[in-house]
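Asks:
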Amino acid sequence: MRECWGLGTTKNYIKRGRLRWFGHVERCSDDSVVKKCRDIVVDGQQRKGRPRKTWYQAVESDLRSL
Numbered sequence: 016m017r018e019c020w021g022l023g024t025t026k027n028y029i030k031r032g033r034l035r036w037f038g039h040v041e042r043c044s045d046d047s048v049v050k051k052c053r054d055i056v057v058d059g060q061q062r063k064g065r066p067r068k069t070w071y072q073a074v075e076s077d078l079r080s081l
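Using the numbering used here, the letters of the sequence shown correspond one by one to residues 16 to 81.
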């Protein structure tokens with residue numbers, strides 16, 4: 016049904032949105048709140064198991080796939 020409207024897959028839709036937001040963040044000034052929060056590190060204990068992928072790691076993998 017999504018193909019009828021030319022929307023593509025949900026995975027590609029999410030990637031496009033993430034890359035669009037990445038472009039917005041990169042164009043922001045260095046003193047903006049969004050850019051300051053991009054590289055924030057939270058102190059405390061980590062959960063057991065593999066750590067979750069960060070937003071920036073997801074953007075890097077999206078850029079590699081393109």
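Backbone N, C-alpha and C define an ideal beta-carbon position, used for all residues, glycine too.
1. Hey, would you say residue 71 sits closer than 8 Å to residue 53, going by beta carbons?
2. Where residue 30 and residue 56 are concerned, what is the direct C-alpha to C-alpha distance, given to the nearest angstrom?
3. Return the CA-CA distance between residue 25 and residue 66, expressed in angstroms with no decimal places.
4. Give the single residue among 40, 44, 34, 49 whose Cα lies nearest to the Cα of residue 80.
Replies: Let me spell this out:
1. yes
2. 24 Å
3. 24 Å
4. 34
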